[in-house]
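Residue numbers (this note's numbering): 13 to 439.
Okay, structure first, notes after.
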Ligand code: CMC
C-alpha cells in the first residue's frame, strides 16, 4: 500500500471519501474503491475494463508497449529458450525448474496422461459431429466425478496433483474429441514422446500405422502454440475459472467453465473464426470488399484475428507466432497456398489501413496460430480445443493462487433499471 490517496467527492456528501491506492510492481496502481459501499454506492464498469478483481503474481501484460511476462520472464525469451512443460512449471511454482526438477516434472506429467476408460462412454453419447469444444466442456467437467471425494481443495498438495492431472490429460482428451469427430479409434498416449509429439501422435496416428514419424519442425511449432497460449492474466475465461472456483467448486468443473468462456469468437474461438473468414473471403480480389465491411458500423462483420482488449500494439505472442508460421509454411512447401496468400495480403492491408492503424487493431495471436494449425493439417474445429489445452495451466495456476490466499466468493453488483415494485394484477 502506498501513502498516496484518492478522494471521491459525491454531491450531497459532507466530505470526500478517502480511497487507498495499492501499488503494483509494474503497470497501473489501483484505487481501492471498497469504502464506496459504506456510502451506499456501487461502482459501474461494464466489461470490467478498468476493474482489477484480484491481486496476482503470475502474469503481467503491458498492452500499450506489447509486453507479456510470465513470473517476470518475457514471452519472447520463454518462446526461444524454454518449452511448454518448463513454462507450466514456472507458472505453477513461480520459478524456473532446475534440471532435476524439470525431469521430475516431465515424468509426473507422463504418469498422468491416460484417462479413465469410462471416459470413452461419455464420448459415445455425443453425436458424431459434435463440436470438439462442446465435447471438451463435457468430458473435463465429467472428470470432477472421478476426482471429487478424494480431493481436498484446501490442501496445497491436492491442488498441485490436480494441476498435474489436468495438464497431462488435456491433450489426450482434446485428441479424443478429434477422433470422435472423424470416427477413428482413440489413440492411447505414448509416454516415450514429448508433450507436443504425443499430442500429434494421438491426433494423427491410428492403430494401423503406429510408427509414423513426427516431423520435428511441426512438433516444435505445436509446443510453441501451447506455450504461447499458456496464460494471459485475467481474461474472460481465466476470470470465469476464478469466479467459479471462488464458491469452492470442484476444480475440474471450474476448468470446464473456463473452456465454455473460451469458446466464443471474441476470445479463443477467434482462431477458428479466422480460417472461416479466410474461406469466406475466398479470393484476394475480394479482400477490399471485406475490409470495407469491417469498417462499416452498420455491418456486424469484423476482421477476425485483429484487435485486442488489452494490446494496443502488436501482440508479442503474434510476433513469435508469425516467425514460426513462416518456418512451418516453408517446411511444408505451402508458401503459395491460396488461403495463406489471402491471409498475408489481408495482414498487409490491415497494417496500412487508416481505420486499423488509428484504432490500433493489430493482428493477434489467433490470426497466425490458425494459419499454422491449418498448415499442420489440424481441422479448423479443433483450433479452440488446442487453445484450451495450452491455457489449462494458466487457468489452474490462477485458481491455485486464489485458493492459496484469502479470498471471497465473487459477486458483482448491478445497476438495476427494471420496474419499481408493483402489485400482482387482480384476477
Ligand atoms: N474489425 C473491425 N473493427 C474492429 C475490430 C475488428 N476485428 N476489433 C475492434 N474493432 C473496432 C470496433 O468496432 C470499435 O470501433 P469504435 O471505437 O468506432 O466503436 C473499436 O475497434 C474498439 O473495439 P471494441 O470492440 O470496443 O474493443 P474490445 O476491447 O471490446 O474488443 C476484441 C476486443 C478482441 C473482442 C475485438 O477487437 C474483436 O472482436 N476482434 C476480433 C475477434 C478476435 O480476433 N478475438 C481474439 C482476441 S485475441 C485471443 C484472446 O486473447 O482471447
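Yeah, the Cβ is synthetic: ideal placement off N, Cα and C, and Gly gets one too.
{"Item": "Nearest to residue 278 (by Cα), restricted to the options 104, 231, 378, 146", "Value": "378"}
{"Item": "Rounded Cβ spacing between residue 322 and residue 73 (contact assumed at less than 8 Å)", "Value": "5 Å"}
{"Item": "Where residue 375 falls: helix, strand or coil (DSSP)", "Value": "strand"}
{"Item": "Within 7 Å, strictly: CB atoms of residue 268 and residue 189", "Value": "no"}
{"Item": "Straight-line gap, residue 36 to residue 69 (C-alpha atoms, nearest Å)", "Value": "10 Å"}
{"Item": "Reference residue 78; option with closest CA among 244, 203, 127, 135", "Value": "244"}
{"Item": "Sequence-distant residues of its chain with Cβ nearer than 7 Å to residue 98 (five each side left out)", "Value": "108, 109, 114"}
{"Item": "Limits of the alpha helix (DSSP H) - the one that residue 82 falls within", "Value": "Premise fails: residue 82 lies in the beta strand (DSSP E), 79 to 82, not in any alpha helix (DSSP H)."}
{"Item": "Pairwise C-alpha distance: residue 177 and residue 349", "Value": "39 Å"}
{"Item": "Neighbourhood of residue 56 by C-beta, 7 Å cutoff - its chain only, sequence neighbours within 5 removed", "Value": "427"}
{"Item": "Any non-hydrogen atom of the ligand CMC closer than 6 Å to residue 316 Cβ", "Value": "yes"}
{"Item": "Simplified DSSP state of residue 306, which is helix, strand or coil", "Value": "helix"}
{"Item": "Buried or exposed by the 16-neighbour rule on C-beta atoms within 10 Å, applied to residue 199", "Value": "buried"}
{"Item": "Residue 205 - DSSP class collapsed to helix/strand/coil", "Value": "coil"}
{"Item": "N-terminal and C-terminal residue of the beta strand (DSSP E) that residue 32 is part of", "Value": "29 to 34"}
{"Item": "Residue 328, buried or exposed, once every other Cβ within 10 Å from all chains shown has been counted against 16", "Value": "buried"}
{"Item": "beta-carbon residue 261 near the ligand CMC non-hydrogen atom, thresh 6 Å", "Value": "no"}
{"Item": "Contact test: residue 300 Cβ vs the ligand CMC heavy atom, cutoff 6 Å", "Value": "no"}
{"Item": "Any non-hydrogen atom of the ligand CMC within 6 Å of residue 291 CB", "Value": "no"}
{"Item": "Near the ligand CMC: residue 371 beta-carbon under 6 Å from a heavy atom", "Value": "yes"}
{"Item": "Residue nearest to residue 407 in terms of C-alpha spacing, selected from 395, 436, 257", "Value": "257"}
{"Item": "Delimiting residues of the alpha helix (DSSP H) encompassing residue 101", "Value": "96 to 105"}
{"Item": "Spatial neighbours of residue 307 in its chain, beta-carbon cut-off 6 Å, leaving aside the 5 residues before and after", "Value": "367"}
{"Item": "beta-carbon residue 192 near the ligand CMC non-hydrogen atom, thresh 6 Å", "Value": "no"}
{"Item": "First through last residue of the beta strand (DSSP E) which encompasses residue 44", "Value": "No beta strand (DSSP E) contains residue 44, which DSSP labels as neither H nor E."}
{"Item": "Residue range of the beta strand (DSSP E) that includes residue 367", "Value": "Segment 366 to 370 is the alpha helix (DSSP H) holding residue 367; no beta strand (DSSP E) there."}
{"Item": "Residue 305 beta carbon near the ligand CMC (any heavy atom closer than 6 Å)", "Value": "no"}
{"Item": "Through-space distance from residue 211 to residue 187, alpha-carbon basis", "Value": "7 Å"}
{"Item": "Collapsed DSSP secondary structure at residue 331 in the structure displayed", "Value": "helix"}
{"Item": "Cβ-heavy atom distance, residue 319 to the ligand CMC, below 6 Å", "Value": "yes"}
{"Item": "Cβ-Cβ distance between residue 287 and residue 386 below 7 Å", "Value": "yes"}
{"Item": "contact_flag[the region 288 to 295, the region 158 to 169] where n(CB pairs < 8 Å) is 3 or more", "Value": "no"}
{"Item": "Identity of the residue in 182, 66, 233, 101 nearest residue 402 by Cα", "Value": "182"}
{"Item": "Anticipated Cβ contact below 8 Å, residue 411 with residue 151, distance rounded", "Value": "Not confirmed; about 19 Å, so no contact."}
{"Item": "Heavy atom of the ligand CMC within 6 Å of residue 282 beta-carbon", "Value": "yes"}
{"Item": "Euclidean distance between Cα positions of residue 192 and residue 47", "Value": "53 Å"}
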